[in-house]
Amino acid sequence: MVSAFSFVQAQNENYVKENYVKTEYDIPMRDGVKLHTVVYYPKDQSVDYPILMQRTPYNAGPYGEGSMRNALGPSPFLMKDGYIFVYQDVRGRWMSEGLYDNMRPTVGNRTGDPTEIDESTDTYDTIDWLLENLENHNGKVGQWGISYPGFYSAAALPYAHPNLVAVSPQAPIGDFYFDDFHHNGAYFLSYWLATSVFGYQKDGPTDEAWYEMVNPGTNDGYQFFMDMGPLKNADAYYGEDNFFWQQLKSNPDYNEFWQKRSIIPHLKAVSPAVMVVGGWFDAEDLYGPLTIYKTIEKNNPDTYNSLVMGPWSHGDWSRERGAQTVSNMYFGDSISTWYQKEVEFTFFNHFLKGEGDGSTGLPEAYMFNTGQNQWDKFGNWPPKESEWTSFYLQEDGGLSTDEPSGNRFSEFESDPKNPVPYSQDIKLNFTPRKYMADDQRFAARRPDVLTFETSVLENDLTVAGEIMAQLKVATSQTDADWIVKVVDVFPGDYPNHEYVLDGVDMGNYHLMVRSEVIRGRYRESFESPQPFIPDQITDVDFQLQDVYHTFKKGHKIQIQIQSTWFPLIDRNPQKYVGNIFEADEEDFVRAIHKVFHTETYPSKINLMVLPDSN
Ligand code: PG9
């Protein structure tokens, strides 16, 4: 029985074979290093085509005669419309020469020295060479990519080549200290395999040897990481020669090592048109797309810069999935195909083929409301109409816009030997792509998770924009992580209508709308960690990533607060140590954590609420 997926892939591969020819080149960069580049030309040479390029660490292959990529570009629509598609192994990966550098730093102030290279210069040199050596092109170049290739798209923007006219960074990594491997200083242990995959130059261990090395023979991620104990024991799996693991261990703070790898500070004087794409439930790169879009908007008000955020987990929009689901939540059918055809195809064909009546007709921000299951168009993101509204934690476990009048706190014992699971479905060998819309009832019922919730909403309430947590806390020890979740509590008699998957009972479902962690030692600064003073009331303020979600009438808004989230993130010993990657078993201690909700020490979650939904 041919699966639908393999049928589509076979269809695409046949189309590629019948309509494209492949050539491969080793393109010299300004420092002489050659980057392996695979070019797919339409056989119909009667017109000139734009070039649509992807630069990737994940393999520009297949290489060699006769083997064709089974799909070209970001969608079948563009493949069938006819482009010159280019795939390039970035420096140091696969068939390209040179040394690989994870999120290679962008050279800020160029001196023109040919040895000064970065991803921007490699992209510039590649485009120069392609325009000079390829035929049948119309002189216009686009770039796209999802996740890491999304970073390489964004990294092409500083000092961009003048012929690079349209770039779509999709789920782009913006900064490895806030995307993928860390969130606000907590290390994402669940990136178990990924930490390895970038840990070696291309002459590293074979895939088989590497998989054998990191695969401990169990898929129970919670138990495995509990048994492994402190992070330092991961050396036995990652290996001393895994340079990325060594870099992670040696740079626990947001120091110059991470800062110089962020693309965010370099998004100035951006000339290409940009369409940033992301998923509201993207467990890997959510900071990246939102921050890249906002930074370009702030620094380049006259540049065409747009944002698309859909009900997707990492990369869902790149393939037709039929029913678009994340965890138990169902958001509609063929949302990816709609986006590919109506949005992405329009963007690229406008800027690269001159189609459209002088404009793309697309909005500044095309945003999917995850509570209403509908797309809405905005002229700004966050919307100018949204109003910051503080929801205060109340003494009785309530949550309201009234300032607290009590004089108490809520407390819980946080035990690193019994950490709160991040989901009820924890496997080892995959990045947690679905947890972000999981039901959070299991957590709400644990004694080491605090919950605060509004009364039943009498009207719809739409949150559109950023979220800021401002907590007043104390701990009996000297370090702590703080996790805040924003949860949509469904009514107990919620009907299983079209918005949910068949067979899933959604009554009283606690949908996680947004969640984020901060490693408390970084509350003042991500560069300079500070211990807590035991039992001293302390401010812990941090941003959660944006949302666009309507909490419907009859639902409740719930805030959950906890200090472990395992094994999504590593455990905080809760006794302050210099570097948690080097902590010993005896450093892990239980702690009593307190969250205050008094008139003098109010804790609150600030949401951007659309006024007509109040
Ligand atoms: N941003 C994702 C990732 C980066 C590095 C390691 C593992 C994953 C991605 O490129 O999918």
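Note that this note's numbering gives residue 153 to position 79 of the sequence shown, counting from 1, and the numbers run on in steps of one.
The beta-carbon is built from N, C-alpha and C at its ideal position, and this holds for glycine as well.
The way I'd put it, the stretch 360–367 does touch the stretch 248–256; three or more beta-carbon pairs between them come closer than 8 Å.
Nearest neighbour of residue 337 by Cα position, chosen from 94, 109, 370, turns out to be 370. When secondary structure is reduced to three states using DSSP, residue 559 falls in the strand class. Residue burial annotation: residue 590 is buried, with at least 16 other C-beta atoms found within 10 angstroms of its C-beta. Shown here for residue 172: same chain residues with a beta carbon closer than 7 Å to its own, the five before and five after excluded, namely 107, 165, 166 in chain order. For the pair residue 648 and residue 669, the CB atoms are not nearer than the 8 Å cut-off. If one requires a minimum length of 3 residues, the beta strand (DSSP E) runs lying completely within the stretch 198–261 are 211–220, 238–244, in chain order.
In terms of Cα proximity to residue 496, the closest of 621, 481, 518 is 518. In the structure shown, residue 319 adopts helical secondary structure according to DSSP, grouped into three states. Residue environment: residue 327 is assigned as buried (16 or more neighbouring CB atoms within 10 Å of its CB, all protein chains considered). For residue 108, the uninterrupted beta strand (DSSP E) segment begins and ends at 108–116. For residue 222, the shortest C-beta to heavy atom distance toward the ligand PG9 is below 7 Å. For residue 416, the three-state secondary structure derived from DSSP is helix. Counting only runs of 4 or more residues that sit fully inside the stretch 324–408, the alpha helix (DSSP H) segments are 330–333, 361–373, in chain order. Taking the Cα of residue 615 as reference, the smallest distance to any Cα among 380, 601, 558 is reached at 558. With a cut-off of 7 Å, the C-beta of residue 271 is classified as near the ligand PG9, since at least one heavy atom of the ligand falls inside that distance.
If only uninterrupted beta strand (DSSP E) runs of at least 3 residues are considered, those enclosed by the stretch 595–677 are 612–625, 630–636, 665–670.
Non-local beta-carbon contacts of residue 133 in its own chain, meaning distances under 6 Å to residues more than five positions away in sequence, involve 168 in chain order. Distance from the CA atom of residue 578 to the CA atom of residue 401, rounded to whole angstroms, is 11 Å. Using a Cβ distance threshold of 8 Å, residue 296 and residue 500 count as a contacting pair. Distance between residue 580 and residue 560, taken at the CA atoms: about 18 Å. When the beta-carbon positions are compared, residue 622 and residue 442 come within less than 8 Å of each other. Distance from residue 487 to residue 480 at the Cβ level is roughly 22 Å; contact not present, criterion being Cβ atoms closer than 8 Å. Shortest gap from the CB of residue 635 to any heavy atom of the ligand PG9: 7 Å or more.
Secondary structure at residue 311: helix, using DSSP grouped into helix, strand and coil. With a cutoff of 8 Å on beta-carbon distance, residue 502 and residue 269 are scored as not near each other. Residue 553 is positioned such that its CB atom lies closer than 8 Å to that of residue 595.
Nearest in C-alpha terms to residue 617, of all of 543, 170, 637, is 543.
Distance from the CA of residue 633 to the CA of residue 673, rounded to the nearest whole angstrom, comes to 19 Å. In summary, residue 608 is exposed, with fewer than 16 beta-carbon neighbours lying within 10 Å of its beta-carbon over all protein chains present. With a cutoff of 7 Å, residue 359 counts as near the ligand PG9, since its C-beta is closer than that to a heavy atom of the ligand. Pairing residue 202 with residue 103 gives a Cβ-Cβ distance that is not under 8 Å.
Within the same chain, and ignoring the five residues on either side of residue 322 in sequence, the residues whose Cβ sits closer than 8 Å to its Cβ are 255, 261, 269, 655. Residues 270, 271, 274, 278 of the same chain have their beta carbon placed closer than 8 Å to that of residue 284, with the five preceding and five following residues left out of the count. For the options 423, 599, 645, the alpha carbon positioned closest to that of residue 125 is the one of 423.
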